[in-house]
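Residue numbers (this note's numbering): 127 to 581.
Glycine included, each C-beta is placed from N, C-alpha and C at the ideal position.
One structure is given below, encoded as structure tokens.
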Amino acid sequence: WGGGKNPMQVPPHPLGIKPSGNRYLVDTCEQTNESEDCRDRGLGELSVLSDEIVLNILGYLDFADLCRLASVSQSLYVFTQHEDLWRGLVLERFEGKFSFHKNWKTTYCVMLTGSIPEPSIPIHVDRFFSDLLFQPWLCATTPLQPNWVSSTFGVQRRSNLSLEDFIREYEIPNRPVIVTDVVPKWPAFQKWTREYLLDASGNNTFSAGHFQMTMQAYFQYADSAIDDQLLYLFDPAFATKVPQFDQDYTTPIYFSNDLFALMGSDRPNYRWLIIGPEKSGSTFHVDPNSTSAWNAVIRGRKKWVMFPPNCPPPGVVPSCDGGDVATPVSLVEWFLDFYDDEEKDSSGRVEFVLEEGEVLFVPRGWWHCAINLAETVAITQNFASPRTIQSVLKFLDEKSDQISGIRSDQNKDEFAKVFTQKISDEFPDIWEESRRKKAKTAAFKEPESFSFNFD
């Protein structure tokens, strides 16, 4: 498997599912007409539906109906074993209050009955071809490839970097940089072992995949899950839940002047504790509210791929207003399908491994993804400095509907108005510059097209 430069061996799917293209590789003496494919024969009149539609229909069923359908035919057996269906059932019924066992279906059974079911051997089905059903298995079982990890270009590593040099060489030019001598000075760098995190967290819950899980439950999941879309612990309130965590690190001086602090408790979410196993991570995105960010690895390693503003990565399609983004379902899928893109050297692309004890400056507007190369613990924080506040004010003025991270009871337009007023009151020079830029932009806009009206 592998259509790029580096074909790879993938473990056979336990149910016998093969990619659709394998249909044409069946030995001639075994070939029969297409209607005898296991999928179509077992679906009957439903065979005219795409695999995606079949799965969408099955997604409305409960566990009892899925189990009954599994006994109807080999084809329906294959569909009803799909892990996405059982993950949905677990998270819908138990939310984050589950103890993971082996896979999502087993987890559901254990949570429902309180006992671990007897091991069973999956039924191996012949002549079942489906890209949609094979792809999650491919992404879940594909190991990290050496070329994904080894390639590094386009970023500098600096130590003893002064604030003035950081501003002049990186923040104003909007260029990423890695600083190597900040994180090792934090208490967290020495203390944040798994044991410490578990002990300090106690019974507090943290956000993972939009659900609240205890640290213990999350690590149990992370240790045993084989999943194409691994749940990622990404919590914006970690310092409130565990005040000790807040005392274990300090915001680096380069990123400490954050004007969103003017909003006090009304500011958007801005810092997160991040924990995830190997191959977990964040898919391509641009940081919210036109902010810059920093990301510090305390344990583990992260592979980063970045693209400059207004240069979407291959396979990533933003909407016209930038409010929505279509991306591959999983990180591994992007690496398999697009990492070896032929235009990588001419796109301004930057890639590197952020090592344990390093902190990365992520400039505003840059597209980026990060995949964990090992179990990783990190902290990230977004900020709006005096050097970048103009882009934030422009974003709030033109795209207030896309403001992210504020409380559900806050009005986005009102938030933009209040923050802008605070900037005007506290930093009149910045506000005046923003007004001048807005007026200049308006003056250079194209005139509206002329049209005749004969009414």
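To the nearest angstrom, how far is it from the Cα of residue 451 to the Cα of residue 440?
-> Here the question's residue 451 lines up with position 325 in the sequence shown. Here the question's residue 440 lines up with position 314 in the sequence shown. Taking the straight line from one Cα to the other gives about 12 angstroms.
Own chain residues within Cβ distance below 7 angstroms of residue 465, not counting five before or after | Reading the sequence shown from its first residue, position 339 is the one you call residue 465. Cβ within range, chain order: 274.
Is the number of C-beta pairs between the region 250-258 and the region 132-151 that are closer than 8 angstroms three or more?
-> yes
List the DSSP bridge partners of residue 361.
-> Residue 361 sits at position 235 when you count from the first residue of the sequence shown. In the DSSP assignment, residue 361 is bridged to 399.
Count the CB pairs spanning the region 491-505 and the region 394-402 that are closer than 8 angstroms, and state whether there are at least three.
-> yes
Sort 190, 557 and 422 by Cα distance to residue 234 and report the nearest one.
-> Position 108 of the sequence shown, counted from the start, is the residue given in the question as residue 234. Of the listed residues, the one whose Cα sits closest to residue 234 is 190.
Cutoff 8 angstroms; reference residue 315; Cβ partners in own chain excluding five residues on either side = On the sequence shown, residue 315 is found 189 positions in, with the first residue counted as 1. Contacts found: 309, 424 and 483.
Residue 437 and residue 493 closer than 9 angstroms at C-beta | Locating residue 437 in the sequence shown gives position 311, counting from the first residue. Locating residue 493 in the sequence shown gives position 367, counting from the first residue. Yes. Within cutoff.
Near residue 249, what residues of its chain come up, given a Cβ to Cβ distance below 8 angstroms and the 5 sequence neighbours on each side ignored?
-> What you label residue 249 is simply residue 123 of the sequence shown in a count that begins at 1. Here the set comprises 141, 200 and 203.
From 232, 278, 458 and 481, residue whose alpha carbon lies closest to that of residue 263 = Numbered from 1 along the sequence shown, position 137 holds the residue referred to as residue 263. Considering only alpha carbons, the answer is 458.
DSSP on residue 393, reduced to helix/strand/coil?
-> Taking the first residue of the sequence shown as 1, we reach residue 393 at position 267. Residue state, collapsed to three classes: coil.
Assign residue 495 to one of two classes, buried (16 or more other C-beta atoms within 10 Å of its C-beta) or exposed (fewer than that).
-> The residue labelled residue 495 in the question sits at position 369 within the sequence shown. Result: buried.
Tell me, to the nearest whole angstrom, how far the beta carbon of residue 358 is from that of residue 407; I am working on the premise that it is less than 8 angstroms.
-> Within the sequence shown, residue 358 is the residue found at index 232, counting from 1. Within the sequence shown, residue 407 is the residue found at index 281, counting from 1. Their Cβ separation, rounded to whole angstroms, is 7 angstroms, which keeps residue 358 and residue 407 in contact under 8 angstroms.
Given a cut-off of 9 angstroms, decide if residue 383 and residue 545 are closer than it, judged by their beta-carbon atoms.
-> Position 419 of the sequence shown, counted from the first residue, corresponds to residue 545. Position 257 of the sequence shown, counted from the first residue, corresponds to residue 383. It is not a contact, given that the beta carbons lie outside the stated cut-off.
Identify which residue in 532, 526 and 515 has its Cα closest to the Cα of residue 561.
-> Looking up residue 561 in the sequence shown gives position 435. The option with the nearest alpha carbon to residue 561 is 515.
Evaluate the contact criterion for the region 373-392 versus the region 284-293: three or more CB pairs, one atom per stretch, below 8 angstroms.
-> These segments touch.
Assigned exposure category for residue 168 - 16 Cβ within 10 Å defines buried | Here residue 168 refers to the residue found at position 42 of the sequence shown. Under this definition residue 168 is a buried residue.
Residue 346 - DSSP class collapsed to helix/strand/coil | The residue labelled residue 346 in the question sits at position 220 within the sequence shown. Correct three-state label for residue 346: helix.
Pair within 9 angstroms by beta-carbon distance, residue 480 and residue 421 | One-based indexing of the sequence shown puts residue 480 at position 354. One-based indexing of the sequence shown puts residue 421 at position 295. Going by C-beta atoms, residue 480 is nearer than 9 angstroms to residue 421.
Is residue 167 helix, strand or coil when you go by DSSP?
-> As a working note, residue 167 is residue 41 in the sequence shown. If DSSP states are grouped into helix, strand and coil, residue 167 belongs with the helices.
Give the DSSP bridge partners of residue 509, in chain order.
-> In the sequence shown, the residue the question calls residue 509 occupies position 383. 418, per the DSSP bridge assignment.
With distances taken from CA atoms, which of 338, 498, 434 and 414 is nearest residue 475?
-> The residue you call residue 475 lines up with position 349 of the sequence shown. Residue 434 is the option with its Cα nearest to residue 475.
Residue 312 (DSSP reduced to helix, strand or coil) | Position 186 of the sequence shown, counting from 1, holds the residue named residue 312. Here residue 312 sits in coil by DSSP.
Best match in 272, 353 and 296 for proximity to residue 487 [C-alpha to C-alpha] | Within the sequence shown, the letter at position 361 stands for residue 487. Minimum Cα distance to residue 487 is reached at 296.
Give a yes or no on whether the C-beta atoms belonging to residue 353 and residue 209 are separated by under 9 angstroms.
-> On the sequence shown, residue 353 is found 227 positions in, with the first residue counted as 1. On the sequence shown, residue 209 is found 83 positions in, with the first residue counted as 1. Yes.
Does the Cβ-Cβ distance between residue 230 and residue 251 come in under 9 angstroms?
-> Reading the sequence shown from its first residue, position 104 is the one you call residue 230. Reading the sequence shown from its first residue, position 125 is the one you call residue 251. No, Cβ-Cβ distance for residue 230 and residue 251 is not below 9 angstroms.
Which value, in whole angstroms, describes the spacing of the CA atoms of residue 333 and residue 443?
-> In the sequence shown, residue 333 corresponds to position 207, counting from 1. In the sequence shown, residue 443 corresponds to position 317, counting from 1. Their backbone Cα atoms lie some 27 angstroms apart in a straight line.
Close-in-space but distant-in-sequence residues of the same chain around residue 193 (CB under 8 angstroms, 5 per side omitted) = Translated into the one-based positions of the sequence shown, residue 193 becomes position 67. The answer, listed in chain order, is 206.
Counting only beta-carbon atoms, is residue 219 nearer than 9 angstroms to chain C?
-> Within the model displayed, chain C is absent; a lone protein chain is all it includes.
In angstroms, rounded to a whole number, what distance separates the CA positions of residue 477 and residue 563?
-> Counted from its first residue, the sequence shown places residue 477 at position 351. Counted from its first residue, the sequence shown places residue 563 at position 437. Each residue's Cα considered, the two are about 33 angstroms apart.
Nearest-angstrom Cα separation, counted from residue 284 out to residue 220 | Taking the sequence shown and counting its residues from 1, the one referred to as residue 220 is at position 94. Taking the sequence shown and counting its residues from 1, the one referred to as residue 284 is at position 158. Residue 220 and residue 284: Cα-Cα distance of roughly 46 angstroms.
For the beta strand (DSSP E) holding residue 484, just list the boundary residues, first then last.
-> The residue labelled residue 484 in the question sits at position 358 within the sequence shown. Careful: residue 484 lies outside any beta strand (DSSP E) and carries neither H nor E.
Presumed contact (8 angstroms Cβ cut-off) between residue 521 and residue 416, rounded CB distance | Stepping through the sequence shown from its first residue, residue 521 is reached at position 395. Stepping through the sequence shown from its first residue, residue 416 is reached at position 290. Between residue 416 and residue 521 the Cβ distance is about 4 angstroms, and since that is below 8 angstroms, they are a contact.
Near residue 341, what residues of its chain come up, given a Cβ to Cβ distance below 7 angstroms and the 5 sequence neighbours on each side ignored?
-> Residue 341 sits at position 215 when you count from the first residue of the sequence shown. Closer than 7 angstroms at the Cβ level, and outside the excluded window around residue 341, lie 323, 324, 327 and 332.
Have a look at 149, 214, 218 and 261 and flag the residue whose alpha-carbon is nearest the alpha-carbon of residue 462.
-> Here residue 462 refers to the residue found at position 336 of the sequence shown. It is 261 whose Cα lies nearest to the Cα of residue 462.
CB-CB length for residue 299 against residue 432, believed under 8 angstroms | Looking up residue 299 in the sequence shown gives position 173. Looking up residue 432 in the sequence shown gives position 306. About 14 angstroms; that fails the 8 angstroms criterion.
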